[in-house]
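Taken in order, these protein sequences are the chains called A and B.
For reference, each letter of the first sequence is one residue, going 0 to 240 in numbering that gives the first Met the number 0.
For reference, each letter of the second sequence is one residue, going 0 to 487 in numbering that gives the first Met the number 0.
Beta carbons: idealized from backbone N, C-alpha and C, even for Gly.
Keep in mind it's a predicted model, so treat the numbers as computed, not measured.
Remarks on the structure that follows.
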Amino acid sequence: MRVGLFVTCLVDLMRPSIGFAALKLLEDAGCDVVVPATQTCCGQPGWNSGDRESARGLARKLIAEFEDCAYVVVPSGSCAGMIRVHFPEVFEGDAGMLARAERLGARTYELTDFLAKVAHRPKVSAAFEGAVTYHDSCSGLRELGVKAQPRQLLAKVEGLGLVEMEECETCCGFGGTFSIKYGDISAEMAERKCAHIAASGAKAVVLGDLGCMLNIEGRLRKRGDAKTRVLHVAEVLAGEG
Amino acid sequence: MHVQSMHFKPRAAEALGNGTLQSNLQKFNSTGFTALRAKAVTEFGSDLFEKLRGEGAAIRDRGLANLDAWLERFESEATRRGATVLFAETREEACELLLDICRRHGVKKAIKSKSMLSEEAGINEALEAAGVMPVETDLGEYILQLAGEPPSHIIAPALHKNKDEVADLFEARHRAPRKTDIPLMTREARDVLRGHFLSADLGLSGGNFLVAESGSGVIVTNEGNGRMVTTLPRVHVCLTGIEKVIPTLEDFATLLRLLTRSATGQPISNYVSLFTGPRGALDRDGPEHMVFILVDAGRTSLVGGDMQEMLRCIRCGACMNHCPVYRAVGGHSYGWVYPGPMGSVLTPSYVGLENALDLPQAATLCGACSVACPVKIPLPELLRSLREKQVDRGLRPARERLAFRVWSWVAQHPRLYALATAAAVRLLRLLGGTNGLIGRLPFGSEWTRGRFFPAPRSWRTFRALYAARPRRLRKNRGQTTVFSSNRE
């Protein structure tokens with residue numbers, strides 16, 4: 000099973016280890032993973048900001064890079080959602096590209112969604128000491144239905160206990176460029192998320208999107224919490240938490 | 000209502016810094032409508048409710064697909080039953096039609112039940128200017144009329160006020176001893192309002208739906224005031240938007256199930272009033288004259304366009320109840336009649352894209368609104384589409400447009416991208432210092448004012464690290480390898 004790994008630009012820049020963790024999980028699941036060397040960004044920032052042209056160029060590039068894969072797997076709900084749900088919208092009115100976008104979109108999965116639903120033998124042989132809480136990132140949850148999948152996989156991690164926080168499905172306030180256009184509102188939303196995380200008593204918050212990760216970690220540290228860890232679900236499942 | 004939507008940012012900043020408002024919002028957020036809705040949906044059956052949402056959306060679409068025909072049907076059925084149906088193209092025209100009715104019937108006092116269109120059109124100001132006394136009788140609206148404030152929520156207009164603020168207001172305006180017991184405060188307001196109910200010449204109501212097949216208007220309320228407004232005075236005027244028309248009573252039954260559960264979590268509201276024509280020969284009560292003023296005010300401009308789905312809206316408020324931005328900044332920040340996600344679509348659509356530049360932007364596109372919407376309005380898609388219109392019309396800062404163009408161009412040139420990202424990673428890592436937290440981000444002060452920006456964890460990008468691995472590992476044909484050594 001030839002699986003293309005799209006690590007996303009934020010993982011590429013900010014947290015390479017998450018890309019390698021995703022790679023390990025896919026390979027452990029028996030996938031033949033290819034990592035196109037020219038991959039960059041899916042075009043989501045431009046698309047969400049109403050700049051269709053800049054999104055089109057990047058979408059066209061990504062489609063060409065991954066078209067020969069049976070599946071595309073992304074360690075991010077929002078980037079997977081961009082490809083799966085929004086690429087077809089990006090190419091509205093361009094029948095040729097639209098068809099290609101739809102074909103690729105149907106084969107594109109968020110990492111935990113892929114491991115839980117598609118991978119033949121998802122293998123989790125990791126351990127984690129203590130309680131974690133899970134933040135459901137918006138696009139993964141509401142565009143792709145990623146809810147039970149990460150929890151099913153985390154349940155296989157030895158020693159890990161999941162405690163649900165209040166409002167685990169509420170946005171953390173990242174919202175891409177929202178976080179730098181409306182910084183105060185964004186930070187207030189992050190603060191509310193952090194308060195729920197703290198109240199859960201978990202020693203780590205686990206999530207599946209880099210944007211939320213940076214936002215939550217940035218706010219946790221700002222409010223003086225140096226201890227609560229912010230971990231990508233791929234890191235925990237790969238035993239790198 | 001005066002449009003303040005260009006001032007979203009300062010108004011939101013003020014709201015975030017207003018301790019009383021924040022604690023009032025906090026109370027609403029933790030004990031409010033979202034929990035009640037969730038409970039009601041569970042009791043109804045989540046799958047069944049999902050199905051019902053689909054039916055609701057289909058009903059609204061059926062009405063909107065032939066809006067003109069359904070409005071004609073409504074007009075003929077309502078007229079046949081003795082009501083008068085008037086159409087207003089603009090908000091100003093709506094006011095003129097109402098004032099004309101007031102003049103013709105010698106109206107000195109008008110009692111009102113909740114109508115958001117009345118807020119859109121600025122009815123109270125128009126009435127006052129013409130020497131007619133408007134009296135709001137919905138408790139929340141009554142409080143706001145006393146306070147001289149606009150609503151901050153479409154179904155809980157005085158949500159931003161707490162009990163003590165209302166107690167102060169009542170004490171000052173009712174000239175009665177201060178009370179803080181809510182039932183007693185309500186009784187005091189009822190006593191004041193009772194006189195107005197009995198002395199008013201005209202009742203002005205809104206309309207949740209217009210049923211085409213029977214020519215009926217419908218209001219869905221929890222206080223008895225709506226029924227008194229529509230039955231006690233000589234003249235009843237129902238003021239609502241033209242998009243509220245639905246084909247049948249059966250459709251109304253479906254939408255009612257959705258509306259009350261989505262709004263307040265009630266299986267049905269305390270009152271559901273259908274008004275069909277004025278008092279008949281055998282009726283013991285009801286108005287002598289019944290007039291519908293159906294207002295366009297921008298609605299037809301959405302028909303047939305990419306915002307048409309917005310016209311499905313049945314004004315339940317679920318989108319704002321579930322919106323994390325609304326829950327943080329409250330309704331007044333939005334600066335016009337409609338707050339929250341539905342307001343962020345309606346305001347630019349009705350008052351002009353250029354008069355509400357922040358509203359489509361001030362959303363994380365988290366989608367909480369669209370999954371709660373009883374008629375499945377794709378609010379995040381509509382907001383994104385408005386952002387695209389802003390870009391197309393040159394309403395975004397040149398700097399921002401350039402940034403996206405540059406990013407897109409660089410990201411389409413992988414080698415250049417590698418150079419740029421390598422430099423960025425090094426710079427950010429240096430800025431992060433020993434603890435890996437950036438306190439001041441160049442061009443990103445909005446971020447770092449309330450948060451640190453966590454620095455990259457590695458000196459190199461994933462792409463660089465991956466390319467540097469032995470070819471054997473990069474080919475990876477089914478090998479299982481542990482890569483933890485790659486963490487730097």
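Per DSSP, reduced to three states, the secondary structure at residue 433 of chain B is coil, with no helix or strand assignment.
Here the region 397-410 of chain B lies against the region 46-62 of chain A, with 3 or more beta-carbon pairs under 8 Å apart.
If you draw a 10 Å sphere on the C-beta of residue 245 of chain B, you find 16 or more other C-beta atoms in it, and that means buried. Under the DSSP assignment, residue 202 of chain B falls in the beta strand (DSSP E) whose first and last residues are 201-204.
Where residue 166 of chain B is concerned, the enclosing alpha helix (DSSP H) starts and stops at 162-173. As the crow flies, the alpha-carbon of residue 117 of chain B is around 28 Å from that of residue 249 of chain B. Residue 121 of chain A counts as buried, since no fewer than 16 other beta carbons sit within 10 angstroms of its beta carbon. By the rule that beta-carbons nearer than 8 Å mark a contact, residue 160 of chain A does not touch chain B. Residues of the region 177-190 of chain A that bring their beta carbon within less than 7 Å of a beta carbon in chain B comprise 177, 178, 179, 180, 181, 182, 183, 184, 186, 187, 188, 189, in sequence order. In summary, residue 50 of chain B is exposed, with fewer than 16 beta-carbon neighbours lying within 10 Å of its beta-carbon over all protein chains present.
Excluding five sequence positions before and after residue 251 of chain B, the CB atoms of its chain that fall closer than 7 Å to its own CB belong to 208, 210, 217, 245, given in chain order. With contacts defined by Cβ atoms closer than 8 Å, residue 85 of chain B and residue 336 of chain B do not form a contacting pair. Taking the Cα of residue 235 of chain B as reference, the smallest distance to any Cα among B/263, B/212, B/278, B/242 is reached at B/278.
In the DSSP assignment, residue 42 of chain A falls outside any beta strand (DSSP E) and carries neither an H nor an E. Residue pairing of residue 272 of chain B in beta bridges, as defined by DSSP: B/218. Uninterrupted alpha helix (DSSP H) stretches at least 4 residues long and entirely within the region 134-159 of chain A occur at 137-143, 147-153, given in chain order. Each residue's CA atom was taken as its position, placing residue 77 of chain B and residue 205 of chain B some 16 Å apart. Annotated as distal: residue 9 of chain A and residue 182 of chain A, with beta-carbon spacing of 8 Å or more.
By the 16-neighbour rule on beta-carbons within 10 angstroms, residue 192 of chain A is buried.
The Cβ atoms of residue 131 of chain A and residue 139 of chain A do not sit closer than 8 Å to each other. Looking at B/434, B/370, B/466, B/401, the one whose alpha-carbon comes closest to that of residue 36 of chain B is B/370. For residue 31 of chain A, the pairing in a beta bridge is given by DSSP as A/1. Residue 111 of chain B sits in a strand when the DSSP states are folded into three classes. The beta carbons of residue 104 of chain A and residue 83 of chain A sit closer together than 8 Å. For the pair of segments examined, the region 388-405 of chain B was found not to touch the region 423-436 of chain B: the number of CB pairs separated by less than 8 Å stays below three.
In this structure, the alpha-carbon of residue 128 of chain B lies about 16 Å from that of residue 110 of chain B. Using a Cβ-Cβ cut-off of 8 Å, residue 407 of chain B counts as an interface residue toward chain A, since at least one Cβ of chain A sits closer than that to its own. Contact annotation: residue 420 of chain B and residue 11 of chain A have beta-carbon atoms nearer than 8 Å. Listed in chain order, the beta strand (DSSP E) runs fully inside the region 277-348 of chain B are 288-294, counting runs of at least 3 residues. DSSP, reduced to helix, strand and coil, places residue 235 of chain B within a strand of the structure shown.
Contact annotation: residue 93 of chain B and residue 238 of chain B have beta-carbon atoms nearer than 8 Å.
For the options B/181, B/276, B/188, B/243, the alpha carbon positioned closest to that of residue 59 of chain B is the one of B/243. Per DSSP, the continuous beta strand (DSSP E) segment holding residue 206 of chain A begins and ends at 203-206.
Bridge partners of residue 229 of chain A according to DSSP: A/204.
The beta carbon of residue 120 of chain A sits no closer than 8 Å to any beta carbon of chain B.
One thing to note: residue 378 of chain B has its Cβ within 8 Å of the Cβ of residue 341 of chain B.
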